[in-house]
Amino acid sequence: MMVPNYALIAEIRLYSFGYSDAKVIGTKATMALKLSSEQLSPQRHYDFGMRGLNALLVAGGNGKRSMGDKYPEDVIALRSFMDVNLPKFTSADLPLFEGIMGDLFPGVELPPSNTGDMMKIIDVVAPEKGLQAAKPFCGKVIQLWETVMVRHGLMTVGIPPCGKTNVKNVLAETLSRLADGGDTFMPVTQYVMNPKSITQGQLYGESDLNTQEWTDGVLAIAVREAAKAYGDGKRQWVVLDGPVDAIWIENMNTVLDDNKMLCLANGERIKLPPSMTVMFEVNDLAVASPATVSRCGMVYLEPVHLGWWPLIETWKEKFSVRFPAHAENLAKWSKSVCEAALPFVREECNEAPGIPSMDNNLVATYLRMLATFICTEHGIAPVEEGSKPVKTPEQEDKLSRAYCAMAAVWSVGANLHENSRKKFLNFIRPKLQSFCGQVADDMDLYQMTVNDETCAIEPINTIVPAFQFDLETPFFNILVPTIETTGQRYLISNLMRASFNVLISGETGVGKSVVVQQYLNTAGEEYATCSANFSAQTNSGNVVDMLENRLERKRKNLLGAPPGMRMLIFIDDMNMPMLEYYGAQPPIELLRQVVDYGGFYDKKKLFWKNVADSQWIAACGPPGGGRMVVTPRLIRHFCMMWTPSLSADSMNRILSGIFGGWLGVVKPELQDIAEPLMKATVDMFFMISNDLLPTPVKCHYTFNLRDPAKMLQGILAVHVKSSLNSQQDVINLFLHETCRQFRDRLIDDTDREWFNTNLAAKLNTQIPGTAKPDEFRDLIYGDFLDRGERPYQYVDSEKRCIDIFQEWLDDYNTTNPTKMNIVFFHDCVQHLCRATRVIRQPRGNMLLVGVSGVGRKCVARLAAHMADFQCYSIEITRTYGPNEFKEDIKNMMTGVAKSGGKGMVFLFSDSQIVKESFLEDVNNILNTGEVPNLFAPDELEGILSLMRPLAKAAGKETKDGIWQYFVQTIRENLHIVLAFSPIGDGFRGRCRQFPSIINCATIDWYSSWPGDALVAVAERYYGAAPKELALESMIPQLSGISQFMHSSARDAAEQFYEMLRRRTYMTPTSYLELIGLFTDLVGVKRGELMTKLNRYTVGTKTLEETKVVVDDLKGKLTEMQPNIEKAKKDTAALIIKVDADKVVANEKSEACAVDAKVAQEASAEATQCEREQAE
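Just so we're aligned, residue 1 is where the sequence shown starts under UniProt numbering, counting upward by one.
Quick look at the structure:
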């Protein structure tokens, strides 16, 4: 490839612009780019190639035209070169570039920029938009304008919050006010879209696969409208506010280069008019191609350009209007504490892992909290017409200082990990004490609150409500208040009241969702609420469906909360959506678009829909294990709070409160045992969490607060009268439920024995001598002993279980066309007891993990039959897809609703996962009880009509209340049983991508069948063999041999894995195939033997019959012997006579031959004579 002569090209272009010293200036321009590429830092948005040179030359030409001969050419060139390049440089590279230009243009002084009028307008526009007209900010507005003048395609790049959107909007308003009817200063029309919040077809346009009809995309519509508007005296800005990647941006190359042409897939080309600019707002250009970067002008913004002090200044201006007595002091102290605390947080502390904040974000959160706390609701009245102070100035001052200290802790320090919070408090405490004397030396500032009546700072435990157990309260509605949950709920309620969004982060199971859900349940009549759960397969369309389904349609282009209300939208697991190849998260981008711009584009007709009266609460865990890093462009809109892991004391308070409260109601004499048992639970929980860590093979070894909660749910379900009569009964019940929730998921005997040993040790520490591992290994509780009332009670004998299960199995085979043949060996009995235990519980869902053929689905079907529940399973066909799956979900949900809340089991195996989107729907049902936008409007009305009487009886009469009652009914009565195999990467990936299948289900791990189970199964199958095989006498020997062969093969597979690291599985299916093959082979071989035996029998009989015939013939032959001798003599005489006659005949024959020869000769002579005579 040839390398162009940059200097020559620059020289010629400059001559065309009217430069007389073009050769020297062109060489300097080329050298400036060369030296910049060598000496400046490598940034993805830098371009020093031919297009960069062209931008310099165009700017130089513009400068020559505007300045003429007013300044020397080198001054004009330097001014133009600086204007073009400075916007894209980082703060560290600016001095270096200025040094390069100083060396190339020695002694040249820059003339003042001709932007005085624009700067004056900017100084007016910025405050009107609630911004400070800071010099760096105004400078970026000017730089953006200068870039617009030389590039029709440009990008504003920077880590938020750095002011990209505000810079653009201020420039647009400034140009509108400077409009003079010319071609330079004109009003601006903006077309804003997020390219990653919609599909590529929705962005550019696409053809219908059936009709081949073309439909324009959002970008095509915007460009077409902008092109039509050319000549109306306005600038048209098409703004693409979202990540740039190499997929969709490549279609923009013809738009960004000199062609200025948008080429659509239908062959249409739309020419961009001169007044149109294509802008991109991006976080970074990490995955943009160099071809894209070189085509665009760059304006780089950094938070350091603006700093955080303008935020405080703007807040002070607004605050001083309503609270003039406090604004100055609070602003001054706020600057002081932020100047000290922010560097300390960055240098000395650890923030939430993977969820970092920016200084501006923390300061903004601090100011939001001040606005939340200092208000009429907290006793500080604003200076407004008609308002009366409720406190004295001294009280207001004391109260405002107290809230200022609280806001500082819960903003600057809110996102800190628990291991840094003590360090942060030690640092900030003296500064808070200097401003607010109420801050005590021994007070945990993360556990403080402010008493509005006394204006004093108090420990938050003074407002923690007392817990009172109520038997009528559903288990999942029970919440024991703790210091942590009370504090978070207090902050959330205040921030929601002030219309701010909240992001709660923390490790899995620390109570994030519980706190938010409890707040939503008690938010008040002025709020409507809805929840959504994100997973790895969530897409932007799912978010749109959720919003359209839950928000009320006020107009065609307006969605919002019901009249007089605000909608609180809770997004759980916000960072779960999987990253695209180039790192974007479309559902997150759509969410950001709604939060940032207040709406989204309709999926079908692509018109803009506004979302009004809505606020957002989000929860997420730290990145890793399937969770991703969320773009900071979304996080900046939220007040961030890290939820520390629950302490042992808090967990013990929760568990003891529930268990002790329950015992106090049902068995007061046994209440004292509650606390030691729950202490053992907490100790065991932390030991398991620390020692049984997840690995690739044990990816489901994740434990959180949900696990002891499910254990308590099982305890509270027991039939008290029959199974809870002594302290040992309580201990046995506790041991059983603990094993069910924790031990049943363990994958091997080593882990199970470890669990049994340590559980006994922890319990004996609290209550000495009460537990031995051998005594609770096989405890059984169930509700199948009494078919009438179905009490959940202790079962004293496994034999009794087997008899009952066999009756149920016979009943199942009688009533179902598909028969099941189950052998109730020990492990099978245990698994069936576990399944019946979970299915009977509200929200009882199971994850059955085991290799194929181990009996998972048979156990689930029988357990559903025993509970008198319908067992629903999908039927896979060649055309089965997501739409058919959603129809099946509809059928299940409506079936549960029509049955009045009767339970239904949905049995779903990994072999039925045609599309991973199936698990997205299952994940939603497990977590929230609903699938967004599942029902059409007419179907939804039918559901509401069906549920209205039941919901009304429960005190819910509004449309939203009835829907929530329906969702609650589905969550409690649609029991999802997942049957997955641990073989391969599929199980591990699904656990990571869809966390609800672990968090919202009870796990039962099906191990390989033990030896006694193999023998029992073999005996059953051999005993059922046809009687003609005659196996009855050999069944014990055959069963033992079969078990030995299967176990030997399993051991050989393990040795094979150890040697070659290649896994081969000997499954129960293989074992049954062995038995079946042996039985079939015995039948075949016995048939072959019988065939040969029949042949031998028939042959022997034939030989015997032949012998009789031969003997008879021999007798007859003896009787005929004399006649034979006589006949022999007669025959000999006859032979002699014949021989004599034969000699005479021969002689006569010879004589006749001589006579014949003579006659023949005579005849020949006669013939000759006749011929001669004729002649």
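Where a beta carbon is used, it is the ideal one built from N, C-alpha and C, also for glycine.
Exposure label - residue i; buried when at least 16 CB within 10 Å
i, result
"THR1167", "exposed"
"residue 1182", "The requested residue 1182 does not occur in the structure, where the chain is confined to residues 1 to 1175."
"VAL854", "buried"
"PRO95", "exposed"
"ASN1094", "exposed"
"PHE105", "buried"
"PHE994", "buried"
"ARG1063", "exposed"
"CYS1152", "exposed"
"CYS1169", "exposed"
"ALA364", "buried"
"GLN964", "buried"
"ARG65", "exposed"
7 Å Cβ shell around residue i - same chain, five flanking residues per side excluded
i, result
"LEU171", "VAL141, LEU144, TRP145"
"PHE742", "ILE688, ASP707, PHE755"
"ALA22", "GLU11, LEU14, TYR15"
"LYS196", "GLY242, PRO243, ALA584, PRO586, GLU589"
"LYS88", "HIS45, TYR46, MET298, VAL299, TYR300"
"ARG988", "PRO696, CYS699"
"GLY961", "ALA951"
Endpoints, the beta strand (DSSP E) within which residue i is located
i, result
"TRP410", "Run containing TRP410: none in the beta strand (DSSP E); it sits in the alpha helix (DSSP H), 393-412."
"ARG555", "552-555"
"ALA288", "Where ALA288 is concerned, there is no enclosing beta strand (DSSP E), given that its DSSP letter is neither H nor E."
"ARG421", "Premise fails: ARG421 lies in the alpha helix (DSSP H), 418-435, not in any beta strand (DSSP E)."
"GLU458", "456-459"
"GLY205", "205-207"
"ASN266", "Counting along the chain, ASN266 falls outside any beta strand (DSSP E), and DSSP gives it neither H nor E."
"ASN652", "No beta strand (DSSP E) contains ASN652, which is instead part of the alpha helix (DSSP H) from 648-666."
"THR462", "From DSSP, THR462 is part of no beta strand (DSSP E); its letter is neither H nor E."
Cβ-Cβ separation, residue j to residue i (assumed contact under 8 Å), whole Å
i, j, result
"PRO773", "ALA760", "5 Å"
"MET904", "ALA1001", "Between ALA1001 and MET904 the Cβ distance is about 16 Å, and since that is not below 8 Å, they are no contact."
"VAL611", "LEU692", "About 44 Å; that fails the 8 Å criterion."
"GLN968", "GLY929", "7 Å"
"LEU219", "LEU203", "5 Å"
"GLY233", "MET186", "6 Å"
Sequence-distant residues of its chain with Cβ nearer than 8 Å to residue i (five each side left out)
i, result
"GLN615", "MET496, SER499, PHE500, ASN501, ARG566, MET567, LEU568, ILE569"
"LYS886", "ASP921, VAL931, LEU934"
"ARG44", "ASP284, LEU285, ALA286, ALA288, VAL293"
"ARG1020", "ASN821, VAL823"
"LEU919", "SER535, GLN537, ILE913, ARG990, GLN993, PHE994, ILE997"
"ILE673", "LEU663, GLN727, VAL730, ILE731, ILE767"
"ASP744", "ARG834, THR1002, ILE1003, ASP1004, TRP1005"
6 Å CB neighbourhood of residue i in its chain, flanking five on each side removed
i, result
"GLN433", "VAL439"
"THR277", "VAL148, HIS152, TRP237"
"VAL682", "ALA648, MET651, ASN652"
"residue 1191", "Because the chain spans 1 through 1175 in this model, residue 1191 falls outside it and cannot be assessed."
"ILE492", "VAL502, TYR519"
Segment limits, alpha helix (DSSP H) that includes residue i
i, result
"GLN806", "798-815"
"SER281", "As written in the sequence, residue 281 is Glu, which differs from the Ser given in the question. Where GLU281 is concerned, there is no enclosing alpha helix (DSSP H), although the beta strand (DSSP E) it sits in stretches over 276-282."
"VAL1144", "1121-1174"
"GLN190", "Taken as a continuous stretch (DSSP letters only), GLN190 belongs to no alpha helix (DSSP H), being part of the beta strand (DSSP E) at 188-193."
"ASN210", "That residue, ASN210, is in no alpha helix (DSSP H); it is neither H nor E in DSSP."
"PHE137", "135-150"
*Give, in chain order, every unbroken run of the beta strand (DSSP E) that is at least 3 residues long and sits entirely within the region 989-1063.*
1002-1005
*Enumerated in chain order, which unbroken segments of the alpha helix (DSSP H) with a length of 4 residues or greater are wholly contained in the region 578-603?*
Whole alpha helix (DSSP H) segments, 4+ residues: 586-597.
*Contiguous beta strand (DSSP E) assignments of at least 3 residues, all confined to the region 500-561*: Assignment of beta strand (DSSP E) within the region 500-561, counting only whole runs of 3 or more residues, yields 501-506, 527-533, 552-555, 558-560 in chain order.
*Taking the runs of the alpha helix (DSSP H) that are 4 residues or longer, which of them lie wholly in the region 607-645?*
632-635
*asked:* Which runs of the beta strand (DSSP E) at least 3 residues long sit entirely within the region 721-769? Give them in chain order.
replied: none
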